[in-house]
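Colleague: For the record, the sequence lines run as chains Z and D. Just so we're aligned, residue 9 is where the first sequence starts under the numbering used here, counting upward by one. Just so we're aligned, residue 9 is where the second sequence starts under the numbering used here, counting upward by one. Don't be surprised by glycine CBs; every beta carbon is placed ideally from N, CA and C.
2 protein chains.
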Amino acid sequence: MNVTTPTVLLDQSRTLSKIDQMVQKARALGMGLRPHFKTHQSAEVARWFLAAGVRKATVSSVQMARYFVDAGWNDLTIAFPINYREWPEISQLADRAHINVILTCPEALPLLLYHQGANLGIFLKIDVGYHRTGFDPQSKIAITHCLDQLQSHPNYTFKGFLSHAGHTYACRTRQAIIQVHGQALGIMQRLKEIYHPKHPDLILSMGATPSCSVADNWQEVDEMRPGNFVFYDLTQVAIGSCEVTDVSVCLACPVVAKHGDRKTIVVYGGGVHLSKDRLAWRGTTIYGRPVKLDDQGWADPDDESYVTSLSQEHGVVQASDALFQTVQIGDLIGILPVHSCMMCDLMKSYHLLPDGAVVSMMSKEY
Amino acid sequence: MNVTTPTVLLDQSRTLSKIDQMVQKARALGMGLRPHFKTHQSAEVARWFLAAGVRKATVSSVQMARYFVDAGWNDLTIAFPINYREWPEISQLADRAHINVILTCPEALPLLLYHQGANLGIFLKIDVGYHRTGFDPQSKIAITHCLDQLQSHPNYTFKGFLSHAGHTYACRTRQAIIQVHGQALGIMQRLKEIYHPKHPDLILSMGATPSCSVADNWQEVDEMRPGNFVFYDLTQVAIGSCEVTDVSVCLACPVVAKHGDRKTIVVYGGGVHLSKDRLAWRGTTIYGRPVKLDDQGWADPDDESYVTSLSQEHGVVQASDALFQTVQIGDLIGILPVHSCMMCDLMKSYHLLPDGAVVSMMSKEY
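(1) Please state whether the Cβ-Cβ distance between residue 290(D) and residue 315(D) is less than 8 Å.
(2) Within 8 Å (strictly less), CB to CB, does residue 148(D) reach chain Z?
(3) Whose C-beta lies closer than 6 Å to the C-beta of residue 37(Z) among residues of the same chain, with five residues either side of it excluded?
(4) Looking at residue 341(Z): is its Cβ nearer than 8 Å to the Cβ of residue 252(Z)?
(5) What first and last residue would you give for the alpha helix (DSSP H) that runs through residue 242(D)?
(6) Chain Z beta carbons: is any one of them nearer than 8 Å to that of residue 322(D)?
(7) Could you pull the start and end residues of the alpha helix (DSSP H) that residue 104(Z) belongs to?
(8) With a threshold of 16 other CB atoms inside 10 Å of the CB of residue 148(Z), please say whether the residue is buried or exposed.
(9) For residue 299(D), collect the residues of the same chain with a Cβ closer than 8 Å to its Cβ; drop the 5 residues on either side in sequence, then sort them by chain order.
(10) Do residue 171(Z) and residue 368(Z) have their C-beta atoms within less than 8 Å of each other?
(11) Would you kindly report the start and end of the unbroken alpha helix (DSSP H) that includes residue 230(Z)?
(12) Do residue 376(D) and residue 48(D) have their C-beta atoms within less than 8 Å of each other?
(13) Using only the alpha-carbon positions, how far apart do residue 334(Z) and residue 162(D) sit?
(14) Which residues does DSSP list as the beta-bridge partners of residue 366(D)?
(15) Could you run through the stretch 268–291 of chain Z and flag, in chain order, every residue whose CB is less than 9 Å away from some CB of chain D?
(16) Given residue 304(Z), which residues of its chain have a CB within under 6 Å of its CB, disregarding the five upstream and five downstream residues?
(17) Just the C-alpha distance for residue 109(D) and residue 90(D), rounded to the nearest angstrom, thanks.
(18) Candidates 318(D), 370(D) and 28(D): which alpha carbon is nearest residue 174(Z)'s?
(19) Mind pulling the chain D residues with CB within less than 7 Å of residue 89(Z)?
(20) Along the chain, where does the alpha helix (DSSP H) containing residue 193(Z) start, and where does it finish?
(21) How far does the alpha helix (DSSP H) with residue 219(D) in it extend, from its first residue to its last?
(22) Classify residue 152(D) as buried or exposed, calling it buried when 16 or more other Cβ atoms lie within 10 Å of its own Cβ.
(23) Are the stretch 275–291 of chain Z and the stretch 109–124 of chain D in contact at 8 Å, needing three or more beta carbon pairs?
(24) Between residue 337(Z) and chain D, is there a C-beta pair that is closer than 8 Å?
(25) Does DSSP classify residue 287(D) as helix, strand or coil?
(26) Would a C-beta distance cut-off of 8 Å place residue 220(D) and residue 30(D) closer than the cut-off?
(27) Determine the closest residue to residue 190(Z) out of 288(Z), 13(Z), 213(Z) and 224(Z), with distance taken between C-alpha atoms.
(28) Within 8 Å (strictly less), CB to CB, does residue 241(D) reach chain Z?
(29) Considering only C-alpha positions, which residue in the set 65(D), 34(D) and 71(D) is nearest to residue 83(D)?
(30) Got a sec: is the Cβ-Cβ distance from residue 68(Z) to anything in chain D below 8 Å?
(31) Do you know offhand how far residue 81(D)'s Cα is from residue 164(D)'s?
(32) When burial is assigned at 16 or more other CB atoms within 10 Å of the CB, is residue 293(Z) buried or exposed?
(33) May I have the straight-line CA-CA distance separating residue 338(D) from residue 353(Z), to the nearest angstrom?
(34) Short of 8 Å Cβ to Cβ, which residues in the stretch 133–158 of chain Z face chain D?
(35) What does residue 176(D) touch in chain Z if you count any residue whose Cβ is under 8 Å from its own?
(36) Is it true that the CB of residue 284(D) sits closer than 8 Å to the CB of residue 284(Z)?
Below, the structure written as C-alpha cells:
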C-alpha cells in the first residue's frame, strides 16, 4: 500500500452495507432516516446515502450545513443549539434550502424571536436523560410557552421534538441500550400525545447510533438520526452497537520504532490523528487496537494488543508476541479508532479500499 | 470582539515575554536554544523567535520540517523517529537545509544505513525514563555499535545525544520536576563523559517544557528544546511549570445554551476545537477552565468553574454562580485549554490580541 504518513483507510463495502442496513431498518419501521453527517463530513460519502434513497440529513454546525447545501443537499437539520453569532449565515442558508434548527432551552427563545428574518423549521430539543442540553420534558409550562410563541411567528415552523440519547454511550450491553432507549421513547411519546392535538404536524426525531443500531421499538417516532454507524468504532463495539468486523475505518500508520524489552511498537500516528479519545478495555485504558493490513483491507485485531498511549505524533502499541515479531520498522499497521468521528475530523480525507481513490471531506477553511 | 465561531485568541505580549525569558535563560546558561515549533506550527510565530535571535528549531514531522524550510528556516531537528516511508521527502529537505533526524532504537539502524543518499545530522535519542522510545542508556554495546557504524558512513554526521523527559508531565511540583530533570541530566552527562573522547563534537540536547521552565542546572548540556512554553496551558500550570497568568492562548467560544437547574453553560467549542485532552483538577476531570473576555484579552479564571465534558462541537461548563449570572446566550467566553499544542493543531489559525490580526499556521494539506 503506497501510504507514507498516517492515512484513514475506508472500507467502502462495509460502509455501503451499513448504510443499506439502516435504510432497510427505517423503511421496515415506516420511519424517515435523517442520518447525521458529522461523522464522515464528506460530500462523496453523502452521495452513497443519496444512492440509497436518503434525501435528508443532520449536521452539527452551520459550516457543515453550508458545505452540504453547496453539495446539493436541500433538507438539513443543524442539530446543535442555535449560535446567534452566525445568524447571517443561517439566514443565507435558509434562503437556499430547508433548514431546521434546534431550540435547546427556554433562555434561547427571546433571541430567536428577536432575530427573525429567516424561514426556519424549529425543533424543540428534549433532554431525555443525557443532561447535556435540551428542555426538561417535565416543564410543560416552558414547552407550551415556546410553542405558542413560535406559532405566532410568521417565519418559523414548529417541526416537532428532537432527542439525542447520548447516555446510551455509557451502556455496555444491548439490553442496557434498549432500556435507555425505552425510557427516552416513553418521554417522547408522552410529549407527542400532549401536543399533537394543537400541533397535528409535529414529528418525533430521535438519534444516537447505539439506539438506532440495536432498538426495535420506535413506535410514534417519525425519523431517526444515527451518525457514527456509517463507520462505527471501538467505542460502539464496547457499547454493544456492533461487532469489531463492522468497523469500516482504520488509520494506516508507519512503524517507526520497536522495543523488545517491553514489546512495544512505536507508530507514526498520534493524538493529532486518532484524537485523545480513550476507552476502558480489559482493565486498562486504550486509544485504539492494532490490526495487520494488506492491500484489500485489515485483519481482525488480536486480543492482547492495544494502543497504550498517544503523544502529538507518536502512538505506542503494546503488542502481542505474534504481532511484535511480524511487524518491522518501515511496515504499515492499522489502528482501529476509539472514536471514528474525531479521527475523521482530524484527518480530513479518506483512502478508499480497495481501489485507493482519495475521498475528500469538508476542509477546515470551508 | 467580532468572533462568530470557536477561535483561538493569542495574547502576543504574553508570548513575546515567554520567548524573551527562555532566550535569556539559555543565554545566561551558555546554552543553545532550539525551540520546538510543534506547539504553534506558524511561520509568523516563528518570526517572533527569529527576532529574538533564535536560528535553530525543532519539529515533529517531515511535513512540519518542509513548512519551516519553505519559511526560510535552515537548521531543523525532526524530533520524531525516522519514518523511512518518507525517505524521499527527507532527502529533498536535506538538500535544502541542515536537517537532523533521530535514531531511537537499535532496530532502526540497518534501515538508516541501507537508505543512504541524504546528508543528515543524526542524534541518538536516549530514553531518560519516559519509556516512549529511545536507546536504553545502559546499552553501551548498542550505542557504541551505532556510533561506529555512523562514523564510517560518508553522508551521516553523528551530532550527539538527545532526550525528552516526558515523564516530567507526571510531576505536580517544581521540586518534582527538578528531581526528574536531575536524573535525566545525570544520564546524559555520563554518556557525554564516555563518548566525548572518541566523538569530541558531540552535543547534549534536552527537551521538555517543564524542565526548561523550572530547572537551573544544565551543566554539560549544549541546547534545550522547549516547545509548549510559547503558549503554556492548564497542564503546565498543574505540573508547576508556570502560573495561570502565563497561559497565552484561549479559545473564544459562543455561548449557546444555559441550564439554571444545574448551573451549566453550553458553548460552541468541543472536542474538535479543544481536543479531548483532560486534566485531574480538584478531585474531578476537566477539559478547560472558562474565563471572561474583553477586547484586550481575558480575566483570570475563577476557582469554581470548569469544562466538565466535551462532545464533537459542544462544551459543557460547570459555572460558579457569578459566572452563570453574568454570561448570556450569544455572549463569548474564553476557555483556557488543557493542552495548547493539541488545540492549536486542531484550530489552524490564531486571532491575535490586541489587534485582531489573523495569524496563519501550517495547513492540513501542506
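Modeller: In this structure, then:
(1) Here residue 290(D) refers to the residue found at position 282 of the second sequence. Here residue 315(D) refers to the residue found at position 307 of the second sequence. The criterion of a C-beta distance shorter than 8 Å is not satisfied by residue 290(D) and residue 315(D).
(2) Start at 1 with the first residue of the second sequence, and residue 148(D) comes out as number 140. Chain Z contact via Cβ: absent.
(3) Residue numbering aside, residue 37(Z) sits at position 29 when the first sequence is read from its first letter. Result list for residue 37(Z): 226, in chain order.
(4) Position 333 of the first sequence holds residue 341(Z). Position 244 of the first sequence holds residue 252(Z). Going by C-beta atoms, residue 341(Z) is not nearer than 8 Å to residue 252(Z).
(5) One-based indexing of the second sequence puts residue 242(D) at position 234. Counting along the chain, the alpha helix (DSSP H) containing residue 242(D) begins and ends at 242–247.
(6) The residue you call residue 322(D) lines up with position 314 of the second sequence. Using a CB distance cut-off of 8 Å, residue 322(D) counts as an interface residue toward chain Z.
(7) Numbered from 1 along the first sequence, position 96 holds the residue referred to as residue 104(Z). Here the alpha helix (DSSP H) through residue 104(Z) covers 95–104.
(8) Position 140 of the first sequence, counting from 1, holds the residue named residue 148(Z). Looking at its Cβ environment, which holds fewer than 16 other Cβ atoms inside 10 Å, residue 148(Z) is exposed.
(9) Mapped onto the second sequence, residue 299(D) falls at position 291. 258, 306, 307, 308, 309, 341, 342, 343 and 344, listed in sequence order.
(10) Looking up residue 171(Z) in the first sequence gives position 163. Looking up residue 368(Z) in the first sequence gives position 360. No, these two residues do not count as a Cβ contact at 8 Å.
(11) Within the first sequence, residue 230(Z) is the residue found at index 222, counting from 1. Run containing residue 230(Z): none; DSSP gives neither H nor E here.
(12) Absent from the model: residue 376(D). The displayed extent of chain D is 9 to 374, so no value can be given.
(13) Looking up residue 334(Z) in the first sequence gives position 326. Looking up residue 162(D) in the second sequence gives position 154. Roughly 32 Å separates the two Cα atoms.
(14) Position 358 of the second sequence, counting from 1, holds the residue named residue 366(D). Paired residues: 359(D).
(15) 268, 269, 270, 272, 274, 276, 278, 279, 280, 283, 284, 285 and 286
(16) Walking along the first sequence from the start, residue 304(Z) turns up at place 296. The beta carbon of residue 304(Z) sits closer than 6 Å to the beta carbons of 362 from its chain, once the five residues preceding and following it are set aside; these are given in chain order.
(17) The residue given as residue 109(D) occupies position 101 in the second sequence. The residue given as residue 90(D) occupies position 82 in the second sequence. Roughly 6 Å between the two C-alpha positions.
(18) For the purposes of this step, residue 174(Z) is taken as residue 166 along the first sequence, with counting starting at 1. Cα-wise, what sits closest to residue 174(Z) is 318(D).
(19) By 1-based counting over the first sequence, the position of residue 89(Z) is 81. 264, 265 and 274, listed in chain order.
(20) The count along the first sequence starts at 1 and reaches residue 193(Z) at position 185. Taken as a continuous stretch (DSSP letters only), the alpha helix (DSSP H) holding residue 193(Z) covers 182–203.
(21) Residue mapping note: residue 219(D) aligns to position 211 of the second sequence, counting from 1. Under the DSSP assignment, residue 219(D) falls in the alpha helix (DSSP H) whose first and last residues are 217–222.
(22) For the purposes of this step, residue 152(D) is taken as residue 144 along the second sequence, with counting starting at 1. Classification for residue 152(D): exposed.
(23) Verdict: no, contact absent.
(24) Indexing the first sequence from 1 puts residue 337(Z) at position 329. With 8 Å as the cut-off, residue 337(Z) counts as an interface residue toward chain D.
(25) Locating residue 287(D) in the second sequence gives position 279, counting from the first residue. In the structure shown, residue 287(D) sits in a strand (DSSP, three-state: E or B).
(26) On the second sequence, position 212 is the one that residue 220(D) refers to. On the second sequence, position 22 is the one that residue 30(D) refers to. Yes, the Cβ-Cβ distance between residue 220(D) and residue 30(D) is below 8 Å.
(27) Residue 190(Z) sits at position 182 when you count from the first residue of the first sequence. Answer by Cα proximity: 224(Z).
(28) The count along the second sequence starts at 1 and reaches residue 241(D) at position 233. No, residue 241(D) does not count as interfacial toward chain Z.
(29) Position 75 of the second sequence, counted from the first residue, corresponds to residue 83(D). Restricting attention to 65(D), 34(D) and 71(D), the CA atom closest to the CA of residue 83(D) is found in 65(D).
(30) Taking the first residue of the first sequence as position 1, residue 68(Z) is located at position 60. Yes, residue 68(Z) lies at the interface with chain D (some Cβ there is under 8 Å from its Cβ).
(31) For the purposes of this step, residue 81(D) is taken as the residue at position 73 of the second sequence. For the purposes of this step, residue 164(D) is taken as the residue at position 156 of the second sequence. So the two alpha carbons sit approximately 21 Å from each other.
(32) Translated into positions along the first sequence, residue 293(Z) becomes position 285. Classification of residue 293(Z): exposed, given that the 10 Å Cβ count is below 16.
(33) Position 330 of the second sequence, counted from the first residue, corresponds to residue 338(D). Position 345 of the first sequence, counted from the first residue, corresponds to residue 353(Z). Taking the straight line joining both Cα atoms gives about 26 Å.
(34) Using a CB distance below 8 Å, the part of the stretch 133–158 of chain Z facing chain D consists of 139, 140, 141 and 144, ordered along the chain.
(35) The residue given as residue 176(D) occupies position 168 in the second sequence. Within chain Z, no residue comes near residue 176(D); the closest Cβ sits about 13 Å away, beyond 8 Å.
(36) Your numbering for residue 284(Z) matches position 276 in the first sequence. Your numbering for residue 284(D) matches position 276 in the second sequence. Contact flag set, yes.
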